[in-house]
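S.K.: Following this message is one structure expressed as C-alpha cells.
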Amino acid sequence: MDQKSHPPANDLKLQKQIFAVASGKGGTGKSTFAINFSLALAALGREVILIDADLGGADISNLVGISAPRYTMKDFISGEVTYLSEILEPTPSSKLRLICGGSDIISISNPYYQQKMKLIRNISMLEADYIVVDLGPDITFNNLDFFNSAPVGFLVTQNVDPIILGFYRFLKAAFVRRLKQEFRDEQFVLNIINDFQNKGWSHTRRNLIGSIRAASQEVHARLDKILETFQPKLVFNMVSSQAARKTADQMFSFILENFGFRLQTAGFIPRDRDVERAYEHSEPFILRYPRCDGSKAIFEVLTVCGLNRTAAGEQVRGFADFFRYIKAEASNWQFIKI
Amino acid sequence: MSEEKDQKSFQRGPDRRRNDRRKTYVDPADLPFPDRRKGDRRQKDRRVYSDEEREEILKRIRGGEDES
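Quick note, the sequences are listed as chains S and Z, same order.
Residue 339 in this note's numbering sits at position 299 of the first sequence, and the numbers go up by one each step.
Residue 59 in this note's numbering sits at position 57 of the second sequence, and the numbers go up by one each step.
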C-alpha cells in the first residue's frame with residue numbers, strides 16, 4: 041500500500057474564512073455558539089453559510105426554525121446532488137444560508153474517505169464571506185480532519201471536569217493527527233509519535249516536541265510552522281468569567297509545556313437565564329434576547345477575532361452599536377418577538 | 003499429477019505472499035486515512051489519553067481553587 045496514495049485532508053487546507061466549531065463532548069453548547077456566532081456575522085451584513093457537519097446527529101435546522109429542510113447533507117454525500125451549493129437552505133436572514141446535516145440514515149455518520157474529501161473540497165468552493173462548520177461532538181477521524189482543515193478552529197467547553205477533559209482529549213487527538221499528517225513521510229518522526237501514544241504519559245510527555253525537533257533541521261522547521269499555525273480558539277460556555285479564566289490559564293500553560301503550541305481565548309459566555317430560555321424554545325438567544333449577557337459575549341468573540349466590521353468595512357466599536365444591527369436582524373425572523 | 007497440483011497451489015498460498023520482499027509492510031495506523039473501497043482496514047487505535055494524564059490535568063486546573 042503506497043502511503044502517498046492518500047493525500048491527507050490537510051493538503052486541501054480550506055483557505056477561505058472558514059471556522060470549524062468543535063468540542064470533544066456533547067452538550068457543551070457548540071451548536072448554540074455556532075448559530076449565534078453565524079447570526080452575529082450575518083447581522084453585520086456578511087454573507088455567511090452555516091454547515092451542520094454533525095454527521096448523524098444534526099440539529100441546527102431546528103435552532104433556526106427549519107423543521108423540514110428540503111435537502112440535507114445526506115443528499116450530497118449519497119451523490120444525489122453534485123455540488124454542496126445545491127443544498128443551501130435559505131433562512132429568514134438574507135445573509136445567512138444553511139446546509140443541514142442529515143441524521144435520518146446511519147451511513148452518513150461514517151462517510152468514505154473519498155466522500156469526506158469531496159465534502160472538504162466543496163466547502164472551499166462555496167461562495168460566502170464566512171463559512172461556519174459545526175462539527176460533531178465526538179473524537180472521530182472525520183471531526184479531527186474537518187477541524188484540522190479549517191484555518192480557524194473554535195473549541196467550545198465548559199468549566200466542569202468531564203467537559204474540560206473531553207475538550208483536552210479532542211485537542212490532543214487533533215494535534216497528534218496534524219503531526220502525523222505533516223510527517224507522514226518521516227518514519228523516524230512517526231515512530232516518536234507512536235511511542236508517545238503507546239507508552240505511558242510520564243515516560244514520553246517531555247520528549248515529544250524535543251525529540252521531533254532533534255530529528256533534523258528540516259523537521260525542526262516544519263514542526264515550528266505547525267506550532268505557529270495550530271492555535272485553536274477557546275470559547276467557555278455557561279461560566280462565571282473569573283473561575284473560567286483561571287481554568288483557561290492553567291490549561292494554556294499545561295498545553296504549552298507539554299505540546300508546545302498556544303491556545304487562544306475567544307470568549308466567555310456566561311450562565312444566563314435568557315440564553316437557557318431561548319434554547320428551551322429552540323431560538324437563537326442573540327435574536328430572542330439581544331441585550332442578554334450571552335449576546336454581549338458573542339460580540340466579545342467577534343471583537344477578539346477581529347470580525348467586528350460590517351460588510352461596508354465600518355468598525356462596530358461597542359455593544360450598543362452592535363445591538364442596533366442585531367435588532368434589525370431580529371425583525372426578519374417572524375418567530376422571534378422582541 | 004494431483005500431488006504436483008497440490009504443491010503448486012500450496013506455493014501460491016499465503017506462505018509465498020509472506021516471503022514476497024517486494025511488499026513493505028505498512029502499519030495501517032500510520033496511514034493518513036483508510037480507503038475502505040480498496041479494502042483498507044480501519045486505523046488501529048492509539049492511546050491518546052491516560053489516567054495519570056487525567057489526574058495531572060485535574061490537579062493542575064483545580065489544585066489552586068483550595069487556596070482561593
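Beta carbons are placed, not taken as given, at the ideal position from N, Cα and C, and that holds for glycine.
1. With C-beta atoms as the reference, is S:Pro-109 less than 8 Å away from S:Trp-373?
2. Considering only residues of the stretch 168-253 of chain S, which uninterrupted alpha helix (DSSP H) runs meet the minimum length of 4 residues and lie entirely inside it, listed in chain order?
3. Would you mind sorting S:Gln-257 into buried or exposed? The rule is 16 or more other CB atoms within 10 Å of its CB.
4. Any heavy atom of the ligand GTP inside 7 Å of the beta-carbon of S:Gln-237?
5. Does the distance from the CB of S:Ile-311 to the CB of S:Ala-318 come in under 8 Å?
6. Compare the C-beta of S:Met-278 against all C-beta atoms of chain Z and say whether one is closer than 8 Å.
7. What are the uninterrupted segments assigned as beta strand (DSSP E) that are 3 or more residues long and contained completely in the stretch 284-371 of chain S, given in chain order?
8. When you compare only the Cα positions, how much space is there between S:Ile-295 and Z:Tyr-51?
9. Relative to the C-alpha of S:Asn-102, which candidate in S:Ala-168, S:Pro-324 and S:Val-229 has its C-alpha closest?
10. Taking the continuous alpha helix (DSSP H) assigned at S:Asn-76, which residues delimit it?
11. Does any CB atom of chain S fall closer than 8 Å to the CB of Z:Arg-56?
12. When you compare only the Cα positions, how much space is there between S:Val-229 and S:Ser-71?
13. Indicate whether at least one CB of chain Z lies closer than 8 Å to the CB of S:Tyr-329.
14. Verify the CB distance criterion: does S:Gln-198 have a CB-CB separation below 8 Å to chain Z?
15. Applying the criterion that 16 or more other CB atoms from any shown protein chain within 10 Å of the CB defines a buried residue, is Z:Lys-61 buried or exposed?
16. Is it true that the stretch 273-290 of chain S meets the stretch 62-79 of chain S, where meeting means three or more beta-carbon pairs spaced less than 8 Å apart?
17. Relative to chain Z, which residues along the stretch 289-319 of chain S have a C-beta separation below 7 Å, given in chain order?
18. From S:Phe-236 to Z:Glu-55, what does the alpha carbon distance come to, in whole angstroms?
19. Hey, quick one: how far does the alpha helix (DSSP H) through S:Phe-276 stretch, first residue to last?
20. From S:Ala-261, S:Ala-360, S:Glu-316 and S:Arg-209, pick the residue whose C-alpha is nearest to that of S:Lys-65; which is it?
21. State the Cα-Cα distance for the pair S:Lys-336 and S:Phe-359, rounded to the nearest angstrom.
22. Using CA coordinates, which residue listed in S:Ile-203, S:Gln-198, S:Pro-151 and S:Gly-105 is at the minimum distance from S:Asp-185?
23. Return helix, strand or coil for S:Arg-86, following the three-state DSSP convention.
24. Tell me which residues share the same chain as S:Ile-266 and place their Cβ nearer than 8 Å to its Cβ, disregarding the 5 neighbours each side in the sequence.
25. Could you work out which residues of chain Z lie near S:Ile-204, taking near to mean beta carbons separated by less than 9 Å?
26. Does any residue of chain S bring its CB to less than 8 Å from the CB of Z:Glu-69?
27. Kindly indicate which three-state DSSP category S:Gln-43 falls into: helix, strand or coil?
28. Would you call the CB atoms of S:Met-113 and S:Gly-85 closer than 8 Å?
29. Would a check of beta-carbon distances place S:Ala-60 closer than 8 Å to chain Z?
30. Taking 8 Å as the threshold (beta carbon to beta carbon), is S:Asp-201 in contact with chain Z?
31. At the 8 Å Cβ level, is S:Thr-269 part of the contact set with chain Z, yes or no?
32. What whole-angstrom Cβ distance do S:Thr-83 and S:Tyr-365 have, given they're in contact under 8 Å?
33. Can you check whether the C-beta of S:Thr-287 is within less than 8 Å of a C-beta belonging to chain Z?
34. Measuring only the C-alpha atoms, how far is S:Ser-125 from S:Val-61?
35. Determine whether the beta carbon atoms of S:Leu-166 and S:Leu-90 lie at a separation below 8 Å.
M.R.: From the atom records:
1. no
2. 181-189, 201-222, 227-238 and 241-244
3. exposed
4. What this structure holds is no ligand at all, so the ligand GTP is not there to describe.
5. Position check: residue 311 of chain S holds Arg in this sequence, whereas Ile was assumed. Against a cut-off of 8 Å, the Cβ pair of S:Ala-318 and S:Arg-311 comes out as no contact.
6. no
7. 304-310
8. 14 Å
9. S:Pro-324
10. 70-83
11. yes
12. 36 Å
13. no
14. no
15. exposed
16. yes
17. Gln-290, Met-291 and Phe-294
18. 13 Å
19. Unbroken run through S:Phe-276 is the beta strand (DSSP E), 273-279; no alpha helix (DSSP H).
20. S:Arg-209
21. 7 Å
22. S:Pro-151
23. coil
24. Arg-218, Leu-219, Glu-222 and Phe-301
25. Ile-59, Leu-60 and Ile-63
26. Because the pLDDT of Z:Glu-69 is 38, which lies under 50, any placement of that residue in the model is unreliable, and the number read from its coordinates should be weighed accordingly. For Z:Glu-69, the answer is no, since every Cβ of chain S falls outside 8 Å of its Cβ.
27. In this prediction, S:Gln-43 has a pLDDT of 39, which is less than 50 and means its spatial position is unreliable; nothing more can be read from the coordinates.
28. no
29. no
30. yes
31. no
32. A quick correction: the sequence has Ala, not Thr, at residue 83 of chain S. Confirmed, Cβ separation roughly 4 Å.
33. yes
34. 20 Å
35. no
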